[in-house]
Structure formats: structure tokens, C-alpha cells
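The listed protein sequences correspond, in order, to chains U and B. Here the first sequence is numbered in our numbering, starting from 17 and rising by one per residue. Here the second sequence is numbered in our numbering, starting from -18 and rising by one per residue. Please read the structure below before turning to the comments.
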Amino acid sequence: MAPAITLRSAVALLGRFPALAGVDLDVEEGSVLAALGSNGAGKTTLLHLLAGLLPMRSGTGTVLGCDLATDRAPLRRRVGLLGHHLSLYPDLSASENLIFALRAAGLDRALAAPSLERVGLTGRLATAPARELSAGQQRRMGLASLIARRPSLWLLDEPHAGLDGAGRDLCDELVDEAARGGATVVLTSHEKDRAASCADQMVTLTGGAVSASEAGARQLHVA
Amino acid sequence: MWHDAALVAGKDIRIELRSRVLLWQVVPFGVLALILFALALGPSEVALRRGAPGLFWLALLLASVLASGRSASIEAAPGTRNTVRLLGLDPGGVFLGKACALALQLCVLGVVLEAGLLLFFHVDAARLATATPLALLAIAALAAVGTLYGALVAGTDVASTLLPLLVLPALAPVLIAGERGMAAVLAGGGPGRWAVVLVVMAVVYLAVGVLLYGPLEETS
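Next comes the structure, spelled out in C-alpha cells:
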């Protein structure tokens, strides 16, 4: 497998604070990496760096063949990010938001309906303003966007947060499907057991650096 | 760029139709400002007619700051900003789309304020109608500046207070040219060189916006 992500001594700042302080990371294409760590460990910053949303202060890094120092704009089009916040416009419905994202990406708007259906947002849930959806339903809306856009790199910031049991299972299922389809997935989590079940590799971040690395159950299961 | 501009403009208009911030907040603010200006000038028809062009532009300018802030706030939420940046939209197209949507909203506001001029300031309706092209030019400049500075302050904690401080000085030339041009038209003449000034400002602000919107989004 070719490397999808390579970071060497990567440093990224939030303001003047080094939220990532020398991260080394190798992630293979089509695999799932779980980044664990306590609040403020640098997990979200790592995702934003990998998405090309945050500049790298020092170090070197390539993501999907794009240099993080020079090629962040083309990288972004190939990345999907599920963050903590509602991903698009609260006054538009889930369906309208998804169609906007698809048209912006030059994709067929017909992909919206099956993707929303896959995550359980049908009927009124698909047509009501997104602000009226619960946190879990908004998260499902973000997952629908990933399913429809099929990015090469999925970045999921605590994807299980706010989801009910069925939603968590669906999320794990989608992560596995994406990886089997060739996409690379990086997710963050506070729940080691849950993350281990769907990840090939796990790293623990402490103070903005990787303090531990171990294999996940997905890899062990495959082996 | 044009595809992205149309997409973003359609989205902003749809959001306005859904939220009705212009209808329930910006337009009433502009009308209130115009009424207060009329009350401040007193009952003299001559004074009202003479002050009408300047007060129209002042009311439009102040209300346009509110509309610009609202337009910028649509994109300001952290999740929205990040997601939009990952969609690969052309920054110039995003700027043009947002500026077009804002300009359309300001046109609606302008029509309402012109009706206010007829009601409270006793201006001549036919002459006011001939000033409409001038107003459209000024609105293009207002929308371009509002969108550009809106992007600059978006994401800051002080966006609502910082935006007027930045926008109002930048729009002072539009206020002056709009007032002088409209005063000339209402007096029975033509806008003369003030129309040219407004064309130049609209073109310059739009061009600067297309070029700078991307870098501003990256740094703000």
C-alpha cells in the first residue's frame, strides 16, 4: 500500500500556541487511523492540518501526494471533514445543504437523496431547516455528505459523539466501507475500545505529539 | 468562477427568503432612520427636499452595514467556514455570488427608501425614477465593499462592531458621489461626472474583491 499521509516533525500553531509540537505519522492508503488523547491533546488540530485548513509552521508533510507546505488548495477538494459543528447552513434543509455541496464539488445532485436515506434522514428530516435537527441528526447529515462526495481522505472528529447506538454502528459501518473502497480514514476519539474496533492503527497524542502507537482491532481482525 | 458565483448567490438568496432578516430587520431599520432624519429636519418642505439625497444615501449606507454583517455571518460559523473551504469553490466566485445576493437585497431596500423619499421628503417621482441607474451603480460598490470587509472580520469576536468601523470610511466616496449625483438629478440636471465616479468605484471594488477574497478567507 502507498502512503496516504506522511508527517515528519510537523508543528502547527493555534495563535501562538503550538497545538502540534513535532508529530511523526505514517498512514497507508485505504487504512483507518484512530487518534486518541485527552482534551487539548491536538487531535482536532491534527485533522485540520491534514485537511489543509491549517498551515504547517515547521516540519514536512504530504497528504494524498500533496505537499502540505505548497499544495493545500488542491488537497482540500479531496478531503471530507466531519467536525464538531453543523457543517453547512442552518437555515437550509439537510437536502438543500447536501445538494449545494454536491453542486459545488461538480457532482450530480441526484446523489443527495440516497445518501440522506442511508443515514436515516428521510421525509421531514430531510426537508426541515438543519437548525431544527438534533445534534445526532446534524452529525448524520455530515456523514451523508461524505457518502455522497466520496472524498479520498475522511477526517472524522469524534464521529461517535452525539450519535445513538444505531448511529454509532452506522458510523463504524461507513468507515469500514470507505476504507474498503480505497479511502483513507483518520478519526479522533476519547473511547479507546470503540476506536480500536474500527481502526487499523491507533496513536495517542499527548501535548501535541504522538506518545504511543499500537495496532487496532480492524487490522488484527483482517490478519 | 461564474458557476460558483451563481451557486453562492442562489444559496444566499434562498437563506434570506427563509430567514427574512432583510425584511424584518434591515428594511425597518433603514425606514426608521429615514423617518428620524425627516423629523430632525422639521416640517419645512424645502428643507426636506434639499436634504433628501444625502439622507437617502446615509440611510442606505447605514442599513447596508447591517445587511453586509448578515451576509458575512452566513459563512462565519466555524463548521461552515471549514466545510466551504473544503468544497473547492473558487474564492472569486464566492465573492461575486455573495456580492450579487447582497446587491439584490440592497436594491429591494433602495426601492423602499425611495418610496420613503416620496412620502416624507416630497421629492418629484419622475426625477427620482431617473436617478435609479445611479443608485444601482452605488449599490454595486456598497455590495462589493460590504462583502470584502465582511470576509475580513468574519470569524472574529468583534465582527459586529468592527465592520462599521471599516466599511463606513471606505464607503464615504460612494456616499458623496451618490448624494451629489442624485441631488443634480432631482434638481432637473444629469448626474454628470458623479456617475463616472460611481462606475469607477464599483469596478475597482469588485475587481479588488475578486482578487482579495481568497487570501482574506485564508487569513481571517
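Glycine is no exception: its CB is placed at the ideal position from the N, C-alpha and C atoms.
Close beta carbons around residue i, own chain, < 7 angstroms, minus the five adjacent residues each side
{"i": "Ala19/B", "result": "Leu29, Phe101 and Phe102"}
{"i": "Ala128/U", "result": "Ser111, Leu114, Ile115, Leu118 and Ala164"}
{"i": "Ile55/B", "result": "Asp(-7) and Ile(-4)"}
{"i": "Leu29/U", "result": "Ala35 and Arg73"}
{"i": "Leu(-12)/B", "result": "Gly78"}
Secondary structure of residue i, DSSP reduced to three states
{"i": "Phe33/U", "result": "strand"}
{"i": "Pro175/U", "result": "coil"}
{"i": "Thr137/B", "result": "coil"}
{"i": "Ala(-14)/B", "result": "helix"}
{"i": "Ser168/U", "result": "coil"}
{"i": "Ser205/U", "result": "strand"}
{"i": "Gly(-9)/B", "result": "helix"}
{"i": "Gly73/B", "result": "helix"}
{"i": "Gly96/U", "result": "strand"}
{"i": "Ala121/U", "result": "coil"}
{"i": "Thr61/U", "result": "helix"}
{"i": "Asp87/U", "result": "coil"}
{"i": "Phe102/B", "result": "coil"}
{"i": "Ser150/U", "result": "coil"}
{"i": "Ser0/B", "result": "helix"}
{"i": "Asp63/B", "result": "First, the amino acid is wrong: residue 63/B is Asn here, not Asp. In this structure, Asn63/B counts as helix in the three-state DSSP scheme."}
{"i": "Leu68/B", "result": "coil"}
{"i": "Leu90/B", "result": "helix"}
{"i": "Val4/U", "result": "Absent from the model: residue 4/U. The displayed extent of chain U is 17 to 239, so no value can be given."}
{"i": "Ala165/B", "result": "helix"}
{"i": "Gly170/B", "result": "coil"}
{"i": "Ala211/U", "result": "helix"}
{"i": "Ala188/B", "result": "helix"}
Beta-bridge pairing of residue i - partner residues as DSSP gives them
{"i": "Glu26/B", "result": "DSSP lists no partner for Glu26/B."}
{"i": "Ser109/U", "result": "Pro145/U"}
{"i": "Met218/U", "result": "Ala50/U and Glu230/U"}
{"i": "Asp42/U", "result": "Thr22/U"}
{"i": "Thr76/U", "result": "Arg24/U"}
{"i": "Cys82/U", "result": "Val79/U"}
{"i": "Ala225/U", "result": "Thr222/U"}
{"i": "Thr200/U", "result": "Leu169/U"}
Contacting residues, own chain, Cβ-Cβ under 6 angstroms from residue i (five flanking each side not counted)
{"i": "Ala112/B", "result": "Met163 and Val166"}
{"i": "Leu77/B", "result": "Ala(-14)"}
{"i": "Ala53/B", "result": "Gly131 and Ala135"}
{"i": "Asp107/U", "result": "Pro145"}
{"i": "Leu179/B", "result": "Leu118, Ala119 and Ala158"}
{"i": "Ala121/U", "result": "Arg165"}
{"i": "Ala151/U", "result": "Gly178"}
Distance between residue j and residue i (C-alpha atoms, nearest Å)
{"i": "Pro175/U", "j": "Pro9/B", "result": "43 angstroms"}
{"i": "Trp11/U", "j": "Arg147/U", "result": "For residue 11/U there is no data in the structure shown, the boundaries of chain U being 17 and 239."}
{"i": "Leu137/U", "j": "Asp87/U", "result": "35 angstroms"}
{"i": "Asp188/U", "j": "Leu4/B", "result": "44 angstroms"}
{"i": "Gln86/B", "j": "Ala(-10)/B", "result": "11 angstroms"}
{"i": "Ala158/B", "j": "Pro71/U", "result": "42 angstroms"}
{"i": "Ser131/U", "j": "Ser161/U", "result": "7 angstroms"}
{"i": "Leu133/B", "j": "Ala140/B", "result": "9 angstroms"}
{"i": "Ala40/B", "j": "Pro145/B", "result": "14 angstroms"}
{"i": "Ala176/B", "j": "Pro150/B", "result": "20 angstroms"}
{"i": "Gly244/U", "j": "His100/U", "result": "This structure gives no information on residue 244/U, because the portion of chain U shown stretches from 17 to 239."}
{"i": "Leu186/U", "j": "Pro167/U", "result": "18 angstroms"}
{"i": "Val93/B", "j": "Leu109/B", "result": "13 angstroms"}
{"i": "His237/U", "j": "Ala225/U", "result": "Unreliable positioning characterises His237/U in this predicted model, as indicated by a pLDDT of 49, which lies under 50. The coordinate reading is nonetheless provided below. In a straight line, the C-alpha of His237/U is about 28 angstroms away from that of Ala225/U."}
{"i": "Glu95/B", "j": "Phe37/B", "result": "8 angstroms"}
{"i": "Asn63/B", "j": "Val2/B", "result": "24 angstroms"}
{"i": "Ala67/U", "j": "Arg92/U", "result": "6 angstroms"}
{"i": "Gly11/B", "j": "Tyr186/B", "result": "24 angstroms"}
{"i": "Ala20/U", "j": "Leu172/U", "result": "16 angstroms"}
{"i": "Leu23/U", "j": "Ala85/U", "result": "11 angstroms"}
{"i": "Asp105/B", "j": "Ala168/B", "result": "9 angstroms"}
{"i": "Leu15/B", "j": "Glu26/B", "result": "15 angstroms"}
{"i": "His206/U", "j": "Ala121/B", "result": "50 angstroms"}
{"i": "Gly139/U", "j": "Glu133/U", "result": "9 angstroms"}
Expected contact under 8 angstroms - CB spacing of residue i and residue j to nearest Å
{"i": "Leu118/U", "j": "Arg66/B", "result": "Between Arg66/B and Leu118/U the Cβ distance is about 17 angstroms, and since that is not below 8 angstroms, they are no contact."}
{"i": "Pro34/B", "j": "Glu198/B", "result": "Actually they are not in contact, since the Cβ atoms of Pro34/B and Glu198/B sit about 36 angstroms apart, beyond 8 angstroms."}
{"i": "Ala212/U", "j": "Gly183/U", "result": "Going by Cβ atoms, the distance from Ala212/U to Gly183/U rounds to 19 angstroms, so no, they are not a contact pair."}
{"i": "Gly73/B", "j": "Val191/B", "result": "4 angstroms"}
{"i": "Val184/B", "j": "Val148/B", "result": "Contact doesn't hold; Cβ gap of about 19 angstroms is too wide."}
{"i": "Met157/U", "j": "Ser103/U", "result": "7 angstroms"}
{"i": "Ala35/U", "j": "Thr61/U", "result": "4 angstroms"}
{"i": "Gly31/U", "j": "Gly198/U", "result": "About 37 angstroms separates the two Cβ atoms, so there is no contact after all."}
{"i": "Leu97/U", "j": "Leu63/U", "result": "7 angstroms"}
{"i": "Leu115/B", "j": "Pro172/B", "result": "5 angstroms"}
Beta carbon proximity, residue i to chain A, threshold 8 angstroms
{"i": "Arg166/U", "result": "Absent from the structure: chain A. Protein chains present are U and B."}
Cutoff 8 angstroms; reference residue i; Cβ partners in own chain excluding five residues on either side
{"i": "Gln217/U", "result": "Val43, Ser47, Val48, Leu49, Ala50, Ser229, Glu230, Ala231, Gly232 and Gln235"}
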